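Chemist:
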Amino acid sequence: VDAMQSFEPRRFLGVWYVIQKTSTTSNCLKLNITQSGSDYKVREYARAYPLAAVGVDHTTIYDGTLTIPDQTRPSQMALSFRFGILGRMPFTVVDTDYSTYALTWSCKRILFGHVHDAQILSRTPTLPNNVLDKMRRKIESFGIDSHGLSFIEQSQCSGMLTSKADNDGVFSLGPIHINRGGSQP
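Okay, so the sequence shown: first residue is 1 according to UniProt numbering, each after it adds one.
1. Please return the same chain residues whose Cβ sits closer than 6 Å to the Cβ of T67, not counting the five positions on each side in sequence.
2. When the Cα atoms are used, what is the spatial distance from L173 to P125?
3. If we call anything under 8 Å between Cβ atoms a contact, is S99 one with W16?
4. How is D128 classed by DSSP in three states: helix, strand or coil?
5. Pick out whichever of G37, F12 and F7 has its Cα sitting closest to the Cα of L31.
6. Out of curiosity, what's the CA-to-CA distance linking V43 and G143?
7. I need the boundaries of the beta strand (DSSP E) containing Q35, first residue and last residue.
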C-alpha cells in the first residue's frame, strides 16, 4: 500500500467520522486528532452495535497517541493505545484532501499472520458516493478486497463529541472511558 506523498499532518487534525472500516461492530465511530507537542493525540469515540441493539446507551472513548517515526515520511505514522493488545500499529494515510475525505491503512505482522485495517474517513457524517467509490477503488488497486469493509452508521451519533466540564456518568479506566446513560463526555 502506497503512503501519501507531501502529507501535511497539521491539516489532518480535527474530527473525522469513520464511514467504512475493516470488520467492526460499531454503529458510531469517530476520531478526534489533536496535536500535543511533537506527537498527536487520538481520541476514538465508539458505540458498539451489540450494546446499542439491546438499548444500552453508551459511548466508549479510547485515548491513543500518533507518532511520526520518520519525519521525512509523515504519512507513515504509528498509533498506540495504552491497553491495545497489538501494541504499536502502523497508521498510514494513503490519501486525503484534508477537508472532505481520507483513506488510512494499518497492517502488522503477528505470530501466525497479520492484522490489517482500512478506514474511509469523512469530515461529515456522510460521504458522497463518488468519493466513497473512489476510495474503495483505491483500496482494490492495492489488491485488497473492499467487500470486507463494514459501513458505519453515523445517523444516530449526535452528541458524541460534545465536551462537558464535569464527567458525571463517565466511568474511566485510564485511557478508556465509558459514558453511560446519555451524559456526554
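Ideal Cβ positions, reconstructed from N, Cα and C, are used throughout, including at glycine. Note that the structure is predicted; figures quoted are calculated from it, not measured.
Modeler: Answer, in terms of the structure:
1. As a first step, residue 67 must be located in the sequence shown, where it is residue number 67. Excluding positions up to five away in sequence, the list reads D39 and A78.
2. The count along the sequence shown starts at 1 and reaches residue 173 at position 173. The count along the sequence shown starts at 1 and reaches residue 125 at position 125. For L173, the predicted model reports a pLDDT of 43, less than 50, meaning its position is unreliable; a value from the coordinates is still stated below. If you take the alpha carbons of L173 and P125, they lie about 28 Å apart.
3. Taking the first residue of the sequence shown as position 1, residue 99 is located at position 99. Taking the first residue of the sequence shown as position 1, residue 16 is located at position 16. If you check the CB distance, S99 and W16 do not come in under 8 Å.
4. On the sequence shown, residue 128 is found 128 positions in, with the first residue counted as 1. One point to set straight first is that residue 128 is Pro, not Asp, in the sequence displayed. P128: coil per DSSP, three-state reduction.
5. By 1-based counting over the sequence shown, the position of residue 31 is 31. Measuring from the Cα of L31, the nearest candidate turns out to be F12.
6. As a working mapping, residue 43 is identified with position 43 in the sequence shown. As a working mapping, residue 143 is identified with position 143 in the sequence shown. In the sequence under discussion, the amino acid at residue 43 is Arg, which differs from the Val named in the question. Cα to Cα, the separation comes out at about 30 Å.
7. The count along the sequence shown starts at 1 and reaches residue 35 at position 35. DSSP places Q35 inside the beta strand (DSSP E), whose first and last residues are S26 to S36.
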